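Asker: Position in the sequence shown counted from 1, then plus 5, gives you my numbering. Positions of the beta carbon are idealized from the N, C-alpha and C atoms, including for glycine. Quick caveat, the model's predicted, so the values are computed rather than measured. Next up is a structure, given as structure tokens.
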Amino acid sequence: MASEFNPLAAYEAGLVGSRVDPRADEQLVDCIIRTGGNPAGGEVAREWEFAGLGEGKLTLLFPVVMRVFPDVFPNAAQLTGDCVAAAAANCLVTSLGMEIASGKPDDVSGQVEDRPDISPLGVTQGLVARESLWAWRGYDEDGWVPSEAAKVACEKGFLIRKPYPELGIDLTKYTTDTIKLGGRRLPNDKWLAESQVHKARTATFLKNREEVRDFLAQGFGVFNGSSLGFSSKRDTNGVSRQVGRWSHAQSWIGYDDRPETHDLYGQALVLWLNQWAVWNSGPRRIHGTDIDIPEGSFWGTADTIDRCNTRIALSSVAGWPRRNHTTYGATGHV
């Protein structure tokens with residue numbers, strides 16, 4: 006039986022999917038520091054020598070990620086107000102896909118990340134089971150806090166989209182049943198032991214568009230929480246206007262800082278990935294290239310980054326090493 010949940014209508018009607026909680030942010034900061042990380046993204050970029058890396062470039066992570074995991078974006082449309090978990094899951098998929106494509110060993114463990122053994126259906130449903138994050142929120146109602154989702158990804162880990170007979174669950178598909186897992190009744194120790202097989206190794210907070218640009222250029226996923234709504238219509242270059250208000254979380258999978266883009270829009274663009282499947286329409290071709298952005302995504306002007314409540318990058322390995330991918334220069338022709 007099909008779900009009657011319409012995410013666009015629900016968020017426009019006032020559903021609070023992404024919440025702000027300064028105490029939760031502080032707890033994530035403590036978690037990051039306790040595990041040897043740095044919660045200040047700008048300092049991380051300078052320490053790892055990638056501050057300014059994305060300046061003047063077209064940075065696209067989704068082509069690499071979708072070569073590793075075909076058709077992983079846009080994946081399953083939300084069935085409830087779990088946007089924070091869904092955005093965090095897409096962020097994890099982005100960082101994981103970039104890591105696998107790079108083929109570099111973890112600086113601490115020496116392990117080279119390999120593609121998980123997962124069915125094509127599991128990939129198109131999102132690869133990382135958002136329910137395995139969502140289950141830890143501690144209540145049954147809609148909405149969550151991005152920093153809490155990041156903390157779960159780092160401390161509890163996550164499950165991927167496959168059957169877990171030892172847990173009595175099948176997460177291959179995102180369904181109205183799987184979204185009810187956990188919540189007020191937290192997952193058990195067996196679940197925790199399994200989810201800790203896959204963990205985010207660290208996280209960091211980003212303050213502005215330049216930091217988001219550079220973390221994407223370095224090859225890491227970033228997700229956000231905001232009160233920004235967007236048009237369901239893309240313009241000739243795939244750009245959507247910021248209109249209305251959604252208490253919503255999404256992720257970013259690209260950044261266009263080319264001079265010709267500044268000439269067209271007066272500023273850079275950032276590529277938003279929603280988790281409502283094919284909810285919007287209009288051209289998807291990136292100007293000056295032969296590349297189409299994924300269904301369900303859209304470009305927004307870079308000032309929307311600065312207006313977000315929260316911006317968090319997640320790494321699937323120790324630290325923030327450079328990931329192998331193409332950043333296109335000023336002409337952007339591919």
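Taking DSSP as the reference, what is the three-state secondary structure of residue 226?
Answerer: Reduced to three states, the DSSP call for residue 226 is strand.
Asker: Taking the continuous alpha helix (DSSP H) assigned at residue 92, which residues delimit it?
Answerer: 88-107 is the extent of the alpha helix (DSSP H) around residue 92.
Asker: Does DSSP put residue 157 in a helix, a strand or coil?
Answerer: Residue 157 falls in the helix class under three-state DSSP.
Asker: Return the chain-ordered list of same chain residues with a C-beta closer than 8 Å to the C-beta of residue 130, the five sequence neighbours on each side being excluded.
Answerer: Around residue 130: 80, 81, 166, 177, 178 and 179.
Asker: Quick one: give me the first and last residue of the alpha helix (DSSP H) that residue 270 is part of.
Answerer: From DSSP, the alpha helix (DSSP H) with residue 270 extends over 264-270.
Asker: By Cβ distance, which residues of its chain are closer than 6 Å to residue 241, with the 5 residues on each side in sequence left out?
Answerer: Excluding positions up to five away in sequence, the list reads 288.
Asker: How many angstroms separate the CA atom of residue 23 from the CA atom of residue 121?
Answerer: Answer to the nearest angstrom: the Cα atoms are 29 Å apart.
Asker: Would you kindly check if the distance between the Cβ of residue 94 and the Cβ of residue 209 is under 8 Å?
Answerer: In this structure, residue 94 does not lie closer than 8 Å to residue 209 by Cβ.
Asker: Just grab the DSSP bridge partners of residue 305 for me.
Answerer: Paired residue(s): 275.
Asker: How close, in whole Å, do the beta carbons of residue 272 and residue 294 come, if the pair is a contact with beta carbons under 8 Å?
Answerer: Actually they are not in contact, since the Cβ atoms of residue 272 and residue 294 sit about 19 Å apart, beyond 8 Å.
Asker: Beta-carbon within less than 6 Å of residue 336's beta-carbon, same chain only, minus the 5 sequence neighbours each way: which residues are those?
Answerer: For residue 336, the predicted structure reports a pLDDT of 44, less than 50, and the residue's modelled location is therefore unreliable. A value from the coordinates is still provided. So no residue of the chain qualifies.
Asker: Could you check whether residue 96 and residue 256 sit closer than 8 Å to each other, using their CB atoms as the reference points?
Answerer: A contact, by the Cβ cut-off of 8 Å.
Asker: By the three-class DSSP mapping on this structure, what secondary structure does residue 259 have?
Answerer: Residue state, collapsed to three classes: strand.
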